[in-house]
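Enquirer: Got a structure for you, questions after.
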Amino acid sequence: MSTSSILAQPKTIAVSSWREEGAKPFVQINQLTKNFGEFSAVNSVSLDIYKNELFCLLGGSGSGKSTLLRMLAGFEKPTSGQILIDGVDMANIQPWERPVNMMFQSYALFPHLTVEANVAFGLRREGLKSSDVKKRVVDMLDMVQMGHLAKRKPHMLSGGQRQRVALARSLVKRPKLLLLDEPLGALDKKLREETQFELINIQDELGVTFVVVTHDQEEAMTLATRIGVMDQGIIAQIAEPHQMYEYPNSRFVAEFIGNVNLFEGTVMGDERDSVTIHCPDSNSMIQANHGISCAPNQTVYVAIRPEKIRISREKPGTDINTSYGVISEVAYMGSQSIFKVRLTSGKEIRVTQPNFARDMGDRLTWEEAVYLSWDADSSVVLIS
Ligand code: ADP
Ligand code: MG
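Heads up: the sequence shown runs through residues -16 to 367, numbered per our numbering.
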């Protein structure tokens, strides 16, 4: 960790504080579509965002994230559908009349203006009293911890510092909704991680609702109260980060968020709380507790995260939820070890184990025959 105190540690990363009981959505997006010619960049998206949320739109390049954000800002006119912000239909509201500000990926600071003049620019144009402008700028620069560099010009700042000035500039007008398109894209990994926490702090302090676009799933997991995963113009799933990781609703989401092992199988029996699946790839029966309704003989997919699989030289006590193979790769990562295990079916399974002790005893190594096993609670059954 850096010893400088520029970047504060998060005071709170409260995931449950964003939504009050019975709260009305602050942003309501109803069946929103944007077509470019024949092509649907955003395809009938419906989504509610609540006050104080830090909502992340996550998806690969070209999935429609920026187009959705630009429609919220008013820079792009929807082909069909509706956007309400704070209960008001935005159809005929111009971008500058919306209670919204957008921070672009390229920060676009004015090169000839100082940091403070950059931040003050929008306020001055609003015709605020000079003393009020000054106070708001000072407060905002303090909040992003840039007060000491207020007299500098943008070219005398690092990428991270410029990013914070841009953030101050977009927040100083106190928008109710701040839209950020890949805000941390220009920062290196370590600075990115620190800035993510800072962003959470600022959002928490100001009570502004944030919608952040990112293609980085770790970033979304760190920042978001909720994540909406986008794929080819549609929202594949909306969930809190831990829900998204533990209960993905499709193979696409399971593979997009973190690592996962997928077994294709056939439903043998569907009981009240569990389903039994024959999986030729695992050479075993899989029993899963997570309940979705599925019919006998239906093809399903079982998703199991690498950290939820046990690996051992000894045969487990049961044949259900087990498999058998040979270690084909081992990677020691410091905090954890990654094993790839080739099953007799040829399928390769990824298993991770935390290195909870310095001396882990007789370590598993290449070419060893091992058993894999997991709990019925640990897998998710997917039908698409
Ligand atoms: P993302 O931000 O997720 O990378 P975008 O929303 O920028 O994706 O783009 C979604 C899709 O829409 C892409 O295939 C892109 O090429 C297309 N697109 C975006 N803007 C336009 C435009 N003005 N004209 C035609 N196609 C566009
Ligand atoms: Mg984009």
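Idealized CB from N, CA, C, for every residue including glycine.
As a quick exercise: from Cys262, Leu37 and Val120, pick the residue whose alpha carbon is nearest that of Glu247.
Expert: The residue labelled residue 247 in the question sits at position 264 within the sequence shown. When only C-alpha atoms are compared, the closest one is Cys262.
Enquirer: Along the alpha helix (DSSP H) that carries Asp125, what are the first and last residues, could you check?
Expert: By one-based count along the sequence shown, residue 125 stands at place 142. Asp125 -> alpha helix (DSSP H) spans Ser113 to Met126.
Enquirer: Is the Cβ-Cβ distance between Lys136 and Thr97 less than 8 Å?
Expert: Your numbering for residue 136 matches position 153 in the sequence shown. Your numbering for residue 97 matches position 114 in the sequence shown. Yes, Cβ-Cβ distance for Lys136 and Thr97 is below 8 Å.
Enquirer: Buried or exposed for Trp357, please, with buried defined as at least 16 other CB atoms from any protein chain shown within 10 angstroms of its CB.
Expert: As a first step, residue 357 must be located in the sequence shown, where it is residue number 374. Classification for Trp357: buried.
Enquirer: Can you list, in chain order, the residues of its chain whose CB lies under 6 Å from that of Ala337, leaving out five sequence neighbours each side?
Expert: As a first step, residue 337 is located in the sequence shown; it is residue number 354 there, counting from the start. Before going further, note that residue 337 is Pro rather than Ala in the sequence given. So the qualifying residues of the chain are Gln319.
Enquirer: For Ile185, which three-state DSSP category applies?
Expert: Position 202 of the sequence shown holds residue 185. Note: Ile185 maps to helix in three-state DSSP.
Enquirer: Look up Glu3 in the DSSP assignment and say whether it is helix, strand or coil.
Expert: As a working note, residue 3 is residue 20 in the sequence shown. DSSP places Glu3 in coil when its eight states are reduced to three.
Enquirer: Shorter than 7 Å, the distance from the beta carbon of Lys48 to the closest heavy atom of the ligand MG, or not?
Expert: Along the sequence shown, one-based indexing puts residue 48 at 65. Correct: Lys48 has its Cβ closer than 7 Å to the ligand MG.
Enquirer: Can you give me the Cβ contacts of Ile185 inside the same chain, cut-off strictly under 8 Å, excluding the 5 residues immediately before and after it?
Expert: As a working mapping, residue 185 is identified with position 202 in the sequence shown. The answer, listed in chain order, is Met126, Val127, Leu150 and Leu154.
Enquirer: Beta-carbon separation of Gly57 and Pro82 under 8 Å?
Expert: Within the sequence shown, residue 57 is the residue found at index 74, counting from 1. Within the sequence shown, residue 82 is the residue found at index 99, counting from 1. Not closer than 8 Å, so no.
Enquirer: Exposed or buried, what is Ser29 when buried is set at 16 or more other beta-carbons lying within 10 Å of its beta-carbon?
Expert: Here residue 29 corresponds to residue number 46 of the sequence shown, with the count starting at 1. So Ser29 ends up on the exposed side.
Enquirer: Is it the case that the region 56 to 71 contacts the region 241 to 258, given that we only count it when at least three CB pairs across the two stretches are under 8 Å?
Expert: Not touching, per the Cβ criterion.
Enquirer: Measuring CB to CB, does Glu99 end up less than 8 Å from Ala74?
Expert: As a working mapping, residue 99 is identified with position 116 in the sequence shown. As a working mapping, residue 74 is identified with position 91 in the sequence shown. Contact: no.
Enquirer: Can you tell me whether Val25 sits near the ligand MG, meaning its C-beta is under 7 Å from at least one heavy atom of the ligand?
Expert: On the sequence shown, residue 25 is found 42 positions in, with the first residue counted as 1. The answer is no for Val25.
Enquirer: Beta carbon of Asn232, beta carbon of Arg333: below 8 Å?
Expert: Along the sequence shown, read from residue 1 onward, the residue named residue 232 stands at position 249. Along the sequence shown, read from residue 1 onward, the residue named residue 333 stands at position 350. No. Outside cutoff.
Enquirer: Count the other CB atoms, across all protein chains shown, that sit within 10 Å of the CB of Asn26; report buried if there are 16 or more and exposed otherwise.
Expert: Position 43 of the sequence shown, counted from the start, is the residue given in the question as residue 26. Burial call: buried.
Enquirer: Quick check on DSSP: helix, strand or coil for Arg209?
Expert: Locating residue 209 in the sequence shown gives position 226, where the first residue counts as 1. DSSP places Arg209 in strand when its eight states are reduced to three.
Enquirer: How is Glu331 classed by DSSP in three states: helix, strand or coil?
Expert: Sequence index remark: in the sequence shown, residue 331 carries index 348 (1-based). Strand at Glu331.
Enquirer: For Val313 and Thr348, I'd like the C-alpha separation in whole angstroms.
Expert: The residue given as residue 313 occupies position 330 in the sequence shown. The residue given as residue 348 occupies position 365 in the sequence shown. Rounded to whole angstroms, Val313 to Thr348 spans 7 Å at the Cα level.
Enquirer: Within 10 angstroms of its Cβ, does Tyr284 collect 16 or more other Cβ (buried), or is it exposed?
Expert: Working through the sequence shown from its first residue, we reach residue 284 at position 301. Buried is the call here.
Enquirer: Where His95 and Gly130 are concerned, what is the direct C-alpha to C-alpha distance, given to the nearest angstrom?
Expert: The residue you call residue 95 lines up with position 112 of the sequence shown. The residue you call residue 130 lines up with position 147 of the sequence shown. Roughly 18 Å separates the two Cα atoms.
Enquirer: Distance, Cα to Cα, Leu365 vs Arg341?
Expert: Taking the first residue of the sequence shown as position 1, residue 365 is located at position 382. Taking the first residue of the sequence shown as position 1, residue 341 is located at position 358. So the alpha carbons of these two residues sit roughly 38 Å apart.
Enquirer: Go ahead and pull the three-state DSSP assignment for Phe322.
Expert: As a working mapping, residue 322 is identified with position 339 in the sequence shown. Looking at Phe322 - three-state DSSP - the assignment turns out to be strand.
Enquirer: How about Met227 and Ile240: do their beta carbons lie closer than 8 Å?
Expert: As a working note, residue 227 is residue 244 in the sequence shown. As a working note, residue 240 is residue 257 in the sequence shown. Their beta carbons are under 8 Å apart, which means Met227 touches Ile240 by this criterion.
Enquirer: Using only CA atoms, which one of Leu160, Phe235 and Ser141 lies nearest to Gly211?
Expert: Along the sequence shown, one-based indexing puts residue 211 at 228. Closest by alpha carbon: Phe235.
Enquirer: Distance, Cα to Cα, Phe322 vs Gly43?
Expert: By one-based count along the sequence shown, residue 322 stands at place 339. By one-based count along the sequence shown, residue 43 stands at place 60. When rounded, the distance between both Cα atoms is 27 Å.
Enquirer: Specify the secondary structure class of Gly70 as computed by DSSP and reduced to three states.
Expert: Along the sequence shown, read from residue 1 onward, the residue named residue 70 stands at position 87. Gly70: coil per DSSP, three-state reduction.
Enquirer: Determine the direct distance from the alpha carbon of Glu331 to that of Asn84, and round the result to whole angstroms.
Expert: Counting from 1 along the sequence shown, the entry for residue 84 is found at position 101. Counting from 1 along the sequence shown, the entry for residue 331 is found at position 348. One C-alpha to the other measures close to 47 Å.
Enquirer: Can you look up Lys291 in the DSSP assignment and give me helix, strand or coil?
Expert: Locating residue 291 in the sequence shown gives position 308, where the first residue counts as 1. Helix.
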